[in-house]
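Chains as they are written, first to last, in this note's numbering: chain A, 1 to 340; chain B, 1001 to 1257.
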Amino acid sequence: MSGIANRTVGGPSGEWRFPTAFGWRGVLVAIVAFLILFRTGADVEIGRALLQSGKGIAAGAGLAEDSQVARGFGAILGRMFPPQLAEVTETGRIAGFDRDRLPWFAHVEMQTVTVQSLDPETMRMVASTTQREVLVEPFGYLRQVVAKLVETLEIALWGTLLAVLIGAPLAFFGARNLSPHPLLVALSRGMVSLLRAIPELISALFFVLAYGFGPAAGVLALALHAAGFLGKFYAEDIENADPGPQEALRAIGANRLKLLRYAILPQVLPQYVAYTLYILDRNVRMATVIGLVGAGGIGLELKGRYDLYQYAHVGTILIAIFILVFALDQLSSWFRRRLI
Amino acid sequence: MSLRFEHVGKRYPDGTIALGDVSFEVPPGQFCVILGRSGAGKSTLLRCVNGLASPSSGRVVVDGVEVTPATLRQLRPRIGMIHQSFNLVPRASVAANVIAGALPAVSTGRALLGLFPRALRDKACALIADVGLGQEHLPRRVAALSGGQQQRVGIARAFMLDPAYVLADEPVASLDPQTSADILTLIRREAKERGAAVLCSLHQIDLTMRFADRVLALRDGRIVFDGAPDALAQSRLGRIYDASWPEPCPLPEAVGA
């Protein structure tokens, strides 16, 4: 009997067994997980995605000759660069064009344009060159994009504001510790799930049909989905709030709304601000997307230019969106740091 | 005008009997200490007064009105409460925590907007000064205060509506002996100034002897002693605290308030 052997016998009577890190159940779960991943991976062509990405990276690094992915990205990026900043308009098409009062930084120049036309006599295509006068605004298109971006931001802001206004009462009635009746809890929770179940892009489609093209449809689509999100998370925080202060105020006879305002809200406020800022952030991104279906904002512009193969314009839009989202991210994290 | 327990019993759904047939009466202005070990039923007894718990049998009568769900709205603003774990909002300021004690006195609309009448704001300031905090504490978050200071805030909150009764549930359980004595002195002083009766649960015998006008000792949900602290002899303490005592003796009839 060595000392080591003695020590391996565990427990007061040698019958204790220290729990192992994983047992046969862990192994079983791992096998099932592997089978699921294997099957689903085949369905979503994960192998092809990895293979082509690898080839693309190899081509980018100069290791491989050719790659479909690298070619595709190269073609798009090549056409996006340089981004379109200027706006060129034929002066004849500008209503009430005044030569003496040009917009800022703008100038008029003559452009030679080659036009292909069908000669009715010979039935052949003939190239003819014409001179036409155009107004060149060096940052005209950028200005348009910024204006659309501002509209996008406004849609996101109002979508968030309405979401808070709809989500807060849903949270109040949906929180078990505050709701006046269990039926109202079930009702609000159902409502919240329903709102969250409908993606913005889908509801935007319907709102565009009902309210017509424009930002109003976008605002409503964003507000409803976000209200579902906020209603759920606000309610969970109300339920998880420290019950001590609530009991103290209930003991002296404060009603539910006073409890919410004085015992719960001060506790959960930092969380609420964080959720709301996240929703604002998300709404800005979603506001660019729902423009695709005609609900206002930069998305409409993006889709229009994309469909016209004007990739330089698309490039400008994408860069502008990136800068906006990045700036907003910085702003919201600064705000959160200040508040907490 | 008094606080009366009439054959109050409390059995929880899991079968534990927290109180069994408790009867007593507290006259106005009395500082009454409920003494007992953990689990003796002290908290349950206090919570039956303001309806945080409801008796399974018997009834509690406050100033001639029985405590029922229907009368709570009327009774609760007259019963202040001081809690073992303070039950303050740590993120909120001292001022906000204290004035929350006056919530039943203002309309919901005003409360939501935080518009408390001048008189209440002045009163909150006066109380904060009374409990020994300074003007510089007003905007400070409660989380930044020490335990003793936090309980001072709790006391100020409890007296905001000039309650006729104050329930103090182990108000010094988490405080050091010196701070505990200070806090109990404060509760006693504030209550005596207003003629408020105090029901204070404690498990410290020395503090009980120092501060109580009257001691109600509980063991296993039953009153085993009811009388002046001087009469709390060693043998009776055994009955309260010593688990080896076979059965807590029924209350001798001779002993009374």
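Idealized CB from N, CA, C, for every residue including glycine.
{"query": "Selected residue, minimal CA-CA separation from Val192/A, among Ala274/A, Phe207/A, Leu224/A", "result": "Leu224/A"}
{"query": "Coil, strand or helix - Gln1084/B by DSSP", "result": "coil"}
{"query": "Best match in Pro138/A, Val113/A, Ala49/A, Leu135/A for proximity to Ala127/A [C-alpha to C-alpha]", "result": "Val113/A"}
{"query": "Start-to-end residues for the alpha helix (DSSP H) that takes in Phe348/A", "result": "As shown, chain A starts at 1 and ends at 340. That puts residue 348/A outside it, with no answer to give."}
{"query": "Neighbouring residues, chain A, relative to His1137/B (Cβ below 9 Å)", "result": "The premise fails here: His1137/B is roughly 17 Å from chain A at the closest Cβ pair, so nothing lies under 9 Å."}
{"query": "Residues sharing a beta bridge with Leu119/A, DSSP", "result": "One point to set straight first is that residue 119/A is Asp, not Leu, in the sequence displayed. Paired residue(s): Arg124/A."}
{"query": "Local Cβ density within 10 Å of Gln84/A, reported as buried at 16 or more and exposed below that", "result": "buried"}
{"query": "Among Asp1063/B, Ser1107/B, Ser1043/B, nearest to Leu361/A - alpha-carbon criterion", "result": "Given that chain A is displayed from residue 1 to residue 340, the structure contains no residue 361/A and the question cannot be resolved."}
{"query": "Beta-bridge pairing of Tyr1165/B - partner residues as DSSP gives them", "result": "Ile1079/B, Ala1197/B"}
{"query": "Partner residues on chain B for Leu257/A, Cβ-Cβ distance less than 7 Å", "result": "Thr1108, Leu1112"}
{"query": "Proximal residues of chain A, C-beta to C-beta of His1262/B below 9 Å", "result": "With chain B covering 1001 to 1257 only, the question about residue 1262/B has no answer from this structure."}
{"query": "Inside the segment 1125-1197 of chain B only - beta strand (DSSP E) runs reaching at least 3 residues", "result": "1165-1169"}
{"query": "Coarse secondary structure for Gly1224/B, derived from DSSP in three states", "result": "This sequence places Val at residue 1224/B; Gly is not what is there. Residue state, collapsed to three classes: strand."}
{"query": "Nearest to Leu277/A (by Cα), restricted to the options Gly72/A, Gly47/A, Trp158/A", "result": "Trp158/A"}
{"query": "Near-chain B residues of the segment 267-279 of chain A - C-beta to any C-beta below 7 Å", "result": "Gln267"}
{"query": "Asp1021/B (DSSP reduced to helix, strand or coil)", "result": "strand"}
{"query": "The alpha helix (DSSP H) enclosing Ala163/A, as first and last residue numbers", "result": "140-174"}
{"query": "Classification of Lys1192/B by the beta-carbon crowding that lies within 10 angstroms, buried from 16 upward", "result": "exposed"}
{"query": "Buried versus exposed, by CB contacts within 10 Å (16 or more), His1007/B", "result": "exposed"}
{"query": "For Gly1197/B, the nearest candidate out of Glu1025/B, Ile1017/B, Gly1020/B, Gly1009/B (CA to CA)", "result": "Residue identity differs from the one stated: residue 1197/B is Ala in this sequence, not Gly. Considering only alpha carbons, the answer is Glu1025/B."}
{"query": "Local Cβ density within 10 Å of Thr130/A, reported as buried at 16 or more and exposed below that", "result": "exposed"}
{"query": "Which residues DSSP lists as bridging Ala1217/B, in chain order", "result": "Leu1035/B, Phe1225/B"}
{"query": "Straight-line Cα distance separating Ile298/A from Gly140/A", "result": "16 Å"}
{"query": "Same chain only: Cβ atoms within 7 Å of Ala1095/B, ignoring 5 sequence neighbours per side", "result": "Ala1124, Leu1138, Pro1139"}
{"query": "Paired residues, beta bridge with Gly1009/B - DSSP", "result": "Ser1057/B"}
{"query": "Proximity winner among Gly228/A, Glu109/A, Gly218/A, relative to Ala197/A (alpha-carbon distances)", "result": "Gly228/A"}
{"query": "Proximity of Leu1003/B and Asp1063/B at Cβ, strictly below 9 Å", "result": "yes"}
{"query": "Inter-residue spacing [alpha-carbon to alpha-carbon] between Leu1207/B and Gly1051/B", "result": "27 Å"}
{"query": "When Phe1116/B, Thr1016/B, Val1033/B, Cys1048/B are compared against Gly1039/B, the one with the closest alpha-carbon", "result": "Thr1016/B"}
{"query": "Ile4/A - DSSP class collapsed to helix/strand/coil", "result": "Residue placement at Ile4/A cannot be trusted, given a pLDDT of 49 that sits under 50; what the coordinates show is reported in the next sentence. The answer is helix: DSSP assigns Ile4/A an H, G or I state."}
{"query": "Buried or exposed (CB count within 10 angstroms, at least 16 for buried), Pro955/B", "result": "Since the first and last residues shown for chain B are 1001 and 1257, residue 955/B lies out of range."}
{"query": "Between the CA atoms of Met1001/B and Ala1254/B - distance to the nearest angstrom", "result": "For Ala1254/B, the predicted model reports a pLDDT of 41, less than 50, meaning its position is unreliable; a value from the coordinates is still stated below. C-alpha separation (whole angstroms): 24 Å."}
{"query": "Per-residue contacts from Ala254/A into chain B (C-beta, under 7 Å)", "result": "Leu1103, Pro1104"}
{"query": "Reduced DSSP secondary structure (H/G/I, E/B, other) of Arg17/A", "result": "coil"}
{"query": "Paired residues, beta bridge with His107/A - DSSP", "result": "Val136/A"}
{"query": "Outcome for Gly3/A when other beta-carbon atoms lying within 10 angstroms are tallied against a minimum of 16", "result": "Note on Gly3/A: pLDDT 47, under 50, position unreliable in the model; the coordinate value appears next. Exposed, since its Cβ has fewer than 16 Cβ neighbours within 10 Å."}
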